[in-house]
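Structure record follows, encoded as structure tokens.
Numbering (UniProt numbering), first residue to last: 1 to 489.
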């Protein structure tokens with residue numbers, strides 16, 4: 001029996017390898033194994049095979065076949081005494097519905113997968129369900145909700161050291177930020193994704209990062225930087241056959257050449273993008289291509305070309321709208337939209353309370369910003385009798401400030417006051433001055449230098465730390481920033 005179980009495990013491992021490498025024989029092998037009488041007597045093995053078959057068909061874009069397999073897996077799961085595979089089955093159900101643009105059915109199944117994974121600590125499914133829910137909310141134009149959900153996916157992936165999922169989450173978060181026009185934050189997320197990519201190389205993710213970086217840089221008028229990012233994205237897309245990313249890179253190149261007042265070359269890029277998108281019958285991308293073609297042709301007084309491009313824009317725009325309407329009409333879960341969204345938000349809020357920074361629970365010495373400033377003014381009035389100094393910590397990344405809060409709290413003594421003065425500043429009123437304050441300052445500097453930032457998925461870009469005499473310290477953060485900038489200047 002043990003040997004038989006070992007053989008089954010080896011078979012599953014081989015099939016999973018075929019899934020990763022994209023070989024074509026996996027489905028045939030699974031069909032053969034499922035047809036064997038011996039497999040019928042081993043329900044767990046049969047379930048594993050059926051789930052793998054669903055994944056293989058999904059990878060081949062055979063959505064109806066994939067759905068057939070995953071429904072079979074769900075029925076088989078119902079006969080077992082364990083729910084070990086249920087979260088993954090629900091996630092795959094949701095992903096198939098997502099690919100079919102049945103967004104509310106996807107929402108329903110990802111919510112169930114998230115709930116089950118939250119109870120069973122299946123963090124990989126948990127993160128993938130959050131990614132999926134964020135994508136649904138982006139597709140249905142709930143951009144702030146999409147952003148918050150993808151931020152939580154980033155945090156959990158970072159906390160559980162799942163680098164590939166963290167990279168994906170950061171890229172999708174950058175998309176949400178683009179739609180919300182938060183371009184500097186978008187670049188920050190992409191930088192974090194790229195840092196992780198150094199240790200987890202993936203050409204698809206690299207191309208996505210370059211495409212989104214180019215889009216953000218374009219919006220910030222950093223044309224040359226955008227050109228470099230777009231060129232890298234185009235090279236990767238051409239080399240590895242990533243058609244959609246190739247089209248996006250060409251669209252960005254066209255925008256760059258419009259900014260450079262080179263509209264003729266911009267049209268050349270758009271013609272290339274059109275030929276690729278036409279082959280793939282991608283209405284959404286064709287709509288964007290023809291909109292740009294029409295605008296550029298009109299600016300060049302090519303009115304006939306502009307009119308033809310506009311007609312094509314209208315045709316594909318209406319085709320896309322009809323497609324979405326039909327997909328929505330076939331989505332049986334749409335009537336339960338509000339209830340589904342409410343349930344999903346409740347589960348997400350519960351997860352957020354477990355993973356997000358919660359100073360009230362973790363750090364009793366942390367006080368409100370208002371109380372910190374009030375205490376500062378009160379201590380200033382004691383003049384030379386005051387025994388206090390101030391250590392100010394600054395970093396542009398709130399995640400770095402979270403960690404600095406943990407470190408400073410571990411060094412705090414009775415009478416100290418810690419406060420998040422904004423998302424990038426941490427103020428530490430210490431009940432010490434002169435040499436004792438300097439020693440504490442040096443200790444903190446050593447601790448942040450030695451801290452393993454990379455293990456928390458962060459760049460080792462140390463915070464700026466400064467020690468201040470309380471009597472010389474300004475009354476507002478703005479005054480402090482002005483003083484610091486004048487010193488630097």
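Beta carbons are placed, not taken as given, at the ideal position from N, Cα and C, and that holds for glycine.
From a predicted model like this one, the values you see are computed outputs, not experimental measurements.
Residue i to residue j span [Cα, whole Å]
| i | j | result |
| --- | --- | --- |
| residue 377 | residue 471 | 10 angstroms |
| residue 459 | residue 453 | 6 angstroms |
| residue 36 | residue 99 | 32 angstroms |
| residue 211 | residue 427 | 38 angstroms |
| residue 245 | residue 233 | 7 angstroms |
| residue 380 | residue 421 | 18 angstroms |
| residue 213 | residue 258 | 18 angstroms |
| residue 445 | residue 149 | 34 angstroms |
| residue 260 | residue 221 | 11 angstroms |
| residue 495 | residue 84 | Here the chain covers residues 1 to 489 and nothing more, so residue 495 does not appear. |
| residue 223 | residue 256 | 6 angstroms |
| residue 436 | residue 387 | 11 angstroms |
| residue 449 | residue 438 | 17 angstroms |
| residue 204 | residue 54 | 22 angstroms |
| residue 254 | residue 270 | 6 angstroms |
| residue 319 | residue 136 | 21 angstroms |
| residue 163 | residue 304 | 51 angstroms |
| residue 128 | residue 91 | 8 angstroms |
| residue 328 | residue 336 | 13 angstroms |
| residue 464 | residue 265 | 46 angstroms |
| residue 401 | residue 34 | 54 angstroms |
| residue 277 | residue 291 | 14 angstroms |
| residue 352 | residue 130 | 11 angstroms |
| residue 416 | residue 399 | 22 angstroms |
| residue 62 | residue 196 | 32 angstroms |
| residue 404 | residue 283 | 48 angstroms |
| residue 281 | residue 243 | 12 angstroms |
Three-state class that DSSP yields for residue i in the structure shown
| i | result |
| --- | --- |
| residue 15 | helix |
| residue 429 | strand |
| residue 359 | Summary for residue 359: the model assigns pLDDT 49, below 50, so the residue's position carries little reliability, and this model does not support an answer. |
| residue 421 | strand |
| residue 186 | helix |
| residue 389 | strand |
| residue 471 | coil |
| residue 116 | helix |
| residue 395 | coil |
| residue 76 | helix |
| residue 366 | strand |
| residue 413 | coil |
| residue 48 | helix |
| residue 382 | coil |
| residue 59 | helix |
| residue 88 | helix |
| residue 83 | coil |
CB-CB length for residue i against residue j, believed under 8 angstroms
| i | j | result |
| --- | --- | --- |
| residue 89 | residue 77 | 6 angstroms |
| residue 287 | residue 316 | 5 angstroms |
| residue 104 | residue 340 | 6 angstroms |
| residue 294 | residue 263 | Not a contact, Cβ separation roughly 12 angstroms. |
| residue 171 | residue 209 | 6 angstroms |
| residue 87 | residue 97 | That belief does not hold up - the Cβ atoms of residue 87 and residue 97 are roughly 16 angstroms apart, past 8 angstroms. |
| residue 324 | residue 101 | 7 angstroms |
| residue 236 | residue 207 | 4 angstroms |
| residue 147 | residue 176 | 4 angstroms |
| residue 289 | residue 273 | 5 angstroms |
Beta-carbon proximity of residue i to residue j, cut-off 9 angstroms
| i | j | result |
| --- | --- | --- |
| residue 532 | residue 112 | Residue 532 lies beyond the stretch modelled for the chain, which goes from 1 to 489, so this question has no answer here. |
| residue 397 | residue 413 | no |
| residue 251 | residue 285 | yes |
| residue 411 | residue 447 | yes |
| residue 457 | residue 158 | yes |
| residue 47 | residue 15 | no |
| residue 153 | residue 174 | no |
| residue 495 | residue 477 | What is shown of the chain runs 1 to 489, which leaves residue 495 out entirely. |
| residue 314 | residue 145 | no |
| residue 110 | residue 133 | yes |
Inset, instruction - Pick out the complete alpha helix (DSSP H) segments inside the region 191–266, 4 residues or longer, and give them in chain order. - result: 203–219, 223–240 and 243–259
Inset, instruction - Could you name each continuous alpha helix (DSSP H) segment of 4 residues or more that falls completely within the region 423–467, going from the start of the chain to the end? - result: 434–450
Legend entry - Unbroken stretches of the alpha helix (DSSP H), 4 residues or longer, contained in the region 90–174: 103–120, 123–139 and 143–159
Legend entry - alpha helix (DSSP H) segments (min. 4 residues) lying fully within the region 269–347: 283–299 and 303–329
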